[in-house]
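Trainee: Have a look at the structure that comes next, please.
Numbering (the working numbering), first residue to last: 140 to 527.
Structure (structure tokens):
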């Protein structure tokens with residue numbers, strides 16, 4: 140029997156169609172509710188005349204509940220049942236694969252994949268709900284006993300927590316509250332990298348002569364401003380305030396942009412202005428565009444090649460290291476406070492800036508010593524005049 144015409148009832152928004160009766164002779168009415176949801180007109184079946192003992196008045200009550208959000212449509216109920224069924228079959232490995240599928244451009248994904256293969260693969264078939272504090276403690280203990288550094292342990296635990304949090308946030312799993320019970324090891328292994336004057340000169344020479352122009356410009360910008368690699372990946376021409384002399388670091392929630400996730404701004408000094416002014420404006424909105432003019436996601440090979448050309452230490456991190464060099468040079472002038480340096484580096488916590496405090500202290504000591512020497516010379520001159 141073909142689909143019949145929709146017929147109005149005496150109740151607003153309630154219609155019916157006639158269809159062949161299942162399990163009996165003749166036809167029966169199938170009632171539908173029509174209403175708006177999220178600005179769109181929705182039609183949903185509410186029941187059959189005989190099979191569900193449905194009447195226009197009952198259908199009208201159901202429609203009112205649907206409009207108020209107190210009742211789910213049959214389709215919504217079916218989807219919810221499917222979702223709950225799917226929840227029961229998710230594993231740590233399944234969540235990890237889904238995480239990668241939805242965020243293919245996330246920076247550090249290759250490193251995370253290696254961490255998963257080396258440290259979390261044995262948990263692959265475990266249901267997220269079964270990752271309790273005992274499992275986490277055993278993982279931490281195993282990593283510690285195998286000689287892993289606190290930073291490595293922290294990164295592995297953070298990856299596991301991120302995978303489970305992703306599943307909860309996306310509605311793939313429920314009830315996994317274990318993410319709040321991850322105890323991270325305390326770290327005291329922050330590496331403050333620096334370059335000697337000779338190494339810095341070698342790098343500047345290599346940048347001037349290299350064929351990796353984009354990597355060279357980015358390394359110079361890190362040296363001139365202390366910008367992070369992700370902030371440069373995300374930098375667009377419209378983020379540069381040429382008139383006021385600032386670079387706006389626009390916050391992102393995908394691992395790019397300002398690290399804090401909130402928008403920041405840093406001064407556009409003369410060296411940075413000169414560098415950025417010399418970069419050609421293409422069709423891309425990005426200052427350092429990637430493939431097809433989109434956002435750049437990786438420049439490690441070119442930066443490492445430049446580092447090798449300059450003869451820098453193997454463990455020197457091109458962008459992170461140059462950010463430290465910038466901070467060290469600023470602190471060494473003794474002309475900025477720790478608060479000002481914190482703002483320049485866009486550190487969320489002053490504790491992160493304290494690693495440079497000794498450099499500022501040294502500069503202040505030199506200034507104090509110079510003042511003392513000047514005072515001694517003045518006193519000596521005064522005594523000479525008095526003796527004459």
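Just so it is clear, CB atoms sit at the ideal spot from N, CA and C, and this is done for glycine as well.
Note that the structure is predicted; figures quoted are calculated from it, not measured.
Distance check for residue 505 and residue 473, CA to CA, integer angstroms please.
Mentor: Rounded to the nearest angstrom, the two C-alpha atoms are 9 Å apart.
Trainee: Can you find a C-beta in chain B that's less than 8 Å from the C-beta of residue 172?
Mentor: Checking the listed chains, one finds no chain B in this structure; it contains a single protein chain.
Trainee: Across which residues does DSSP place residue 380 in a beta bridge pair?
Mentor: Beta-bridge pairing links residue 380 to 385.
Trainee: State the DSSP-derived secondary structure class of residue 393, mapped to helix, strand or coil.
Mentor: The predicted model places residue 393 with a pLDDT of 49, which falls under 50 and marks its position as unreliable, so this point remains unresolved.
Trainee: Is residue 128 helix, strand or coil when you go by DSSP?
Mentor: The structure shown does not extend to residue 128, since the chain is modelled only from 140 through 527, so no value can be given for it.
Trainee: Can you give me the C-alpha to C-alpha distance between residue 174 and residue 203, rounded to a whole angstrom?
Mentor: If I take the Cα positions, the gap works out to 9 Å.
Trainee: Using a threshold of 8 Å, state whether the C-beta atoms of residue 374 and residue 425 are closer than that.
Mentor: Yes; because the gap between Cβ atoms is below 8 Å, this pair is in contact.
Trainee: What's the call for residue 348, buried or exposed, on a 16-neighbour Cβ count within 10 Å?
Mentor: Under this definition residue 348 is an exposed residue.
Trainee: Could you tell me the distance, in whole angstroms, from the CA atom of residue 206 to the CA atom of residue 463?
Mentor: Those two C-alpha atoms are separated by around 58 Å.
Trainee: Using the Cβ count rule (16 or more neighbours within 10 Å means buried), how would you classify residue 228?
Mentor: Exposed is the call here.
Trainee: Is DSSP giving residue 350 helix, strand or coil here?
Mentor: Looking at residue 350 - three-state DSSP - the assignment turns out to be coil, as it is neither helix nor strand.
Trainee: Would residue 461 and residue 358 qualify as a contact pair, given that the criterion is a beta-carbon distance under 8 Å?
Mentor: It is a contact, given that the beta carbons lie within the stated cut-off.
Trainee: Going by DSSP in three states, residue 172 sits in which element: helix, strand or coil?
Mentor: Correct three-state label for residue 172: strand.
Trainee: Could you give the distance in angstroms between the alpha-carbon of residue 267 and the alpha-carbon of residue 231?
Mentor: One C-alpha to the other measures close to 6 Å.
Trainee: Please state if the CB of residue 145 and the CB of residue 159 are separated by a distance shorter than 8 Å.
Mentor: No.
Trainee: Name the DSSP bridge partner or partners of residue 428?
Mentor: Paired residue(s): 434.
Trainee: Beta-carbon within less than 7 Å of residue 153's beta-carbon, same chain only, minus the 5 sequence neighbours each way: which residues are those?
Mentor: Hits under 7 Å: 170, 172, 195, 198, 199 and 202.
Trainee: Is it right to say residue 235 is buried, meaning 16 or more other beta carbons lie within 10 angstroms of its own, or is it exposed?
Mentor: Buried is the call here.
Trainee: Would you say residue 470 and residue 480 are within 8 Å of each other, going by their C-beta atoms?
Mentor: Going by C-beta atoms, residue 470 is nearer than 8 Å to residue 480.
Trainee: Any idea what DSSP makes of residue 180, helix, strand or coil?
Mentor: Three-state DSSP puts residue 180 in a strand.
Trainee: Decide if residue 409 is buried, meaning its Cβ has at least 16 other Cβ atoms within 10 Å, or exposed.
Mentor: Residue 409 comes out exposed.
Trainee: Classify residue 251 as buried or exposed, calling it buried when 16 or more other Cβ atoms lie within 10 Å of its own Cβ.
Mentor: Residue 251 comes out buried.
Trainee: Please name the residue, chosen from 187, 143 and 249, that lies closest to residue 162 on a Cα-to-Cα basis.
Mentor: That would be 187, whose Cα lies nearest to the Cα of residue 162.
Trainee: Could you tell me how far apart the beta carbons of residue 167 and residue 189 are, in whole angstroms, since I believe they sit closer than 8 Å?
Mentor: The Cβ separation is near 5 Å, so the contact holds.
Trainee: Grab the span of the beta strand (DSSP E) containing residue 418 for me, first residue to last.
Mentor: Looking at the DSSP string, residue 418 is not in any beta strand (DSSP E), and its letter there is neither H nor E.
Trainee: Return the bridge partner residues of residue 166 from the DSSP annotation.
Mentor: Its beta-bridge partners are 159.
Trainee: Per DSSP, which one or two residues make a beta bridge with residue 375?
Mentor: In the DSSP output, where bridge partners are listed per residue, residue 375 has 425.
Trainee: So, helix, strand or coil for residue 406, using DSSP?
Mentor: Residue state, collapsed to three classes: strand.
Trainee: Return the CA-CA distance between residue 419 and residue 475, expressed in angstroms with no decimal places.
Mentor: Cα to Cα, residue 419 sits roughly 33 Å from residue 475.
Trainee: Take residue 279 and list the residues in its own chain whose beta-carbon comes closer than 7 Å to its own, dropping the five residues that flank it on each side.
Mentor: 292 and 296.
Trainee: Among 362, 406, 448 and 356, which one has its Cα closest to the Cα of residue 378?
Mentor: Looking at the Cα atoms, 406 is the closest of the given residues.
Trainee: Assess, as a yes-or-no matter, whether the segment 445-454 is touched by the segment 362-369 under the definition of 3 or more beta carbon pairs within less than 8 Å.
Mentor: No, they do not touch.
Trainee: Taking the alpha carbon of residue 298 as the reference point, which residue from 388, 254, 354 and 184 has its own alpha carbon closest?
Mentor: Of the candidates 388, 254, 354 and 184, the one whose C-alpha sits nearest the C-alpha of residue 298 is 254.
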